[in-house]
Amino acid sequence: MANVLVYAETRGAALRKLALEAVTAARALADASGGGEVHALVAGPSGVGAASEQLGAYGADVVYVVEHAALSNFERESIAATLADRAKQGGYRAVVLGFSTQGRDLGPRLAVKLDAPIASDVTEINVAGDAIVVKHPGYANKVLVTLTLSGSLVVLSVRPGAITAKQAARSARVESIQPAVDPSASRVVVKQVVEGAKGRPDLGEAPVIVAGGRGLKAAENFKLVEELADAFGNAAVGATRAVTDDGWRPHSDQIGQTGRQVSPQLYVAIGISGAIQHLAGMRTSKTIVAINKDKDAPIFKVADYGIVGDVLEVVPALTTAVKAARASH
Ligand SMILES: Cc1cc2nc3c(=O)[nH]c(=O)nc-3n(C[C@H](O)[C@H](O)[C@H](O)COP(=O)(O)OP(=O)(O)OC[C@H]3O[C@@H](n4cnc5c(N)ncnc54)[C@H](O)[C@@H]3O)c2cc1C
Numbered sequence: 124m125a126n127v128l129v130y131a132e133t134r135g136a137a138l139r140k141l142a143l144e145a146v147t148a149a150r151a152l153a154d155a156s157g158g159g160e161v162h163a164l165v166a167g168p169s170g171v172g173a174a175s176e177q178l179g180a181y182g183a184d185v186v187y188v189v190e191h192a193a194l195s196n197f198e199r200e201s202i203a204a205t206l207a208d209r210a211k212q213g214g215y216r217a218v219v220l221g222f223s224t225q226g227r228d229l230g231p232r233l234a235v236k237l238d239a240p241i242a243s244d245v246t247e248i249n250v251a252g253d254a255i256v257v258k259h260p261g262y263a264n265k266v267l268v269t270l271t272l273s274g275s276l277v278v279l280s281v282r283p284g285a286i287t288a289k290q291a292a293r294s295a296r297v298e299s300i301q302p303a304v305d306p307s308a309s310r311v312v313v314k315q316v317v318e319g320a321k322g323r324p325d326l327g328e329a330p331v332i333v334a335g336g337r338g339l340k341a342a343e344n345f346k347l348v349e350e351l352a353d354a355f356g357n358a359a360v361g362a363t364r365a366v367t368d369d370g371w372r373p374h375s376d377q378i379g380q381t382g383r384q385v386s387p388q389l390y391v392a393i394g395i396s397g398a399i400q401h402l403a404g405m406r407t408s409k410t411i412v413a414i415n416k417d418k419d420a421p422i423f424k425v426a427d428y429g430i431v432g433d434v435l436e437v438v439p440a441l442t443t444a445v446k447a448a449r450a451s452h
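Structure below.
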């Protein structure tokens with residue numbers, strides 16, 4: 124029996140979707156290791172403890188709540204110290220977190236503090252005897268690497284969207300704990316948080332992403348991408364680096380090797396060539412639809428459905444079709 128500790132990521136006082144994915148992964152790992160408990164740690168401002176019920180519904184047995192006014196923004200030093208402190212006390216087999224901006228920061232800090240091996244950007248977790256075996260896409264998603272982690276405690280960060288959050292109908296015991304290090308004494312201070320596009324889900328959490336490339340020809344044609352995203356109702360808008368470098372979209376929209384890595388249920392690539400650096404950020408999407416006027420564009424090699432045509436004609440027609448399909452349901 125081995126317990127697993129999860130960092131349940133929040134934004135402000137709200138749980139992020141990848142927190143539920145991490146709890147789901149931890150639940151499966153605990154079950155595969157002989158049925159241990161899943162303990163989640165949630166840290167944030169006053170009120171963040173309200174997330175506990177949801178964490179229980181996705182498989183947590185215990186939720187440690189760290190509430191502190193100075194935790195409204197991501198206070199990495201205090202959270203890493205608190206997680207490490209908890210991990211040392213609980214006899215855990217693994218600490219699981221999301222491979223998000225927060226997870227990328229916390230994971231290595233934790234591995235050092237715990238002197239534990241770490242596997243980042245993991246898409247699958249298995250148990251083989253005493254070892255934990257994970258899959259992790261490498262070389263810009265060109266290969267899938269299998270890693271075997273030995274050691275009594277390991278740190279794993281899970282790629283957002285790679286593991287589907289699943290309810291596990293448990294009810295968690297909730298315990299309030301103090302931060303191990305005063306968050307207001309942090310040496311890294313978040314001065315400002317600039318919100319992305321209002322009214323749209325975050326790229327890492329959206330079930331549908333509509334992304335545009337240079338094939339749209341001009342910044343103003345990006346409204347076609349916005350309109351298709353609006354038609355889906357739950358879609359985020361993404362872009363290639365060519366587009367963000369040209370200032371058509373903010374850099375926060377960039378998907379790819381040097382942008383965001385996403386795995387939505389549906390990825391619609393509009394006027395995107397499919398350069399290897401772009402594919403690095405989206406090829407693990409569950410279903411990929413590509414629209415390009417060049418039938419030999421590399422994006423079609425990873426697409427499940429392809430439309431060869433001019434985006435300025437195809438996209439408005441697709442938007443009309445999506446609206447009609449949604450209206451008839
Ligand atoms: C170190 C490094 C890191 C990088 N990181 C990233 C990254 O993170 N993300 C990223 O996206 N890129 C990244 N790039 C850039 C990448 O190599 C490509 O240059 C970029 O992805 C191309 O963007 P694009 O597909 O929008 O443009 P293009 O490659 O110019 O493709 C435009 C496509 O639109 C099609 N098209 C043109 N007109 C129409 C039309 N009317 N209707 C339909 N289709 C049309 C064309 O056939 C073409 O396939 C990186 C590059 C380097 C060197």
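Residue numbers (our numbering): 124 to 452.
Built from N, CA and C at the ideal position, the CB exists for glycine as well.
Contact check between the segment 273 to 283 and the segment 211 to 219: three or more CB pairs, one atom from each, fall below 8 Å, which counts as touching.
The count of Cβ pairs closer than 8 Å, one atom from the segment 314 to 323 and one from the segment 168 to 187, stays below three, leaving the stretches out of contact.
If the five residues before and after R364 are omitted, its C-beta is found closer than 8 Å to the C-beta atoms of Q377, G379, T381, G382, Q400, H401, all from its own chain and listed in chain order. The shortest C-alpha to C-alpha distance from V188 to any of R199, V171, Q177 is the one to V171.
Scanning G397, V127, G159 for the CA closest to the CA of A263 turns up G397. Judged by pairs of C-beta atoms under 8 Å, the segment 187 to 207 touches the segment 124 to 135, as three or more such pairs exist. According to the DSSP assignment, I422 belongs to the alpha helix (DSSP H) that extends over 422 to 425.
Between the alpha carbons of N344 and A193 lies a gap of roughly 42 Å.
DSSP, reduced to helix, strand and coil, places H452 outside both helices and strands of the structure shown, so it counts as coil. Judged by beta-carbon spacing, D208 lies beyond the 8 Å limit of A145, meaning their Cβ atoms are not closer than that value.
H162 is classed as buried because its beta carbon has at least 16 other beta carbons within 10 Å across all chains shown.
Taking the Cβ atoms as the reference, V438 lies roughly 7 Å from I414, within the contact range of under 8 Å. L164 is the residue among L164, R323, G394, F222 whose C-alpha sits nearest the C-alpha of I300. Close CB contacts of Q388 within its chain, under the 6 Å cut and outside five residues either way in sequence, are with P330, K409 (chain order). Annotation for T363 indicates a beta carbon within 7 Å of some heavy atom of ligand 1. If only complete runs of 4 or more residues are kept, the segment 273 to 311 shows no alpha helix (DSSP H) anywhere. The alpha carbon of V127 has as its nearest neighbour, out of G159, I255, L233, L441, the alpha carbon of G159. Taking 7 Å as the cut-off, one finds no heavy atom of ligand 1 near enough to the beta carbon of S386.
By the Cβ neighbour-count rule, M124 is exposed, with fewer than 16 other Cβ atoms within 10 Å of its own.
If you draw a 10 Å sphere on the C-beta of L143, you find 16 or more other C-beta atoms in it, and that means buried. Spanning the alpha carbons of K258 and K321 requires a straight line of approximately 35 Å. Nearest in C-alpha terms to R310, of all of W371, I202, R337, G226, is I202.
The alpha-carbon separation between I248 and K340 amounts to approximately 42 Å.
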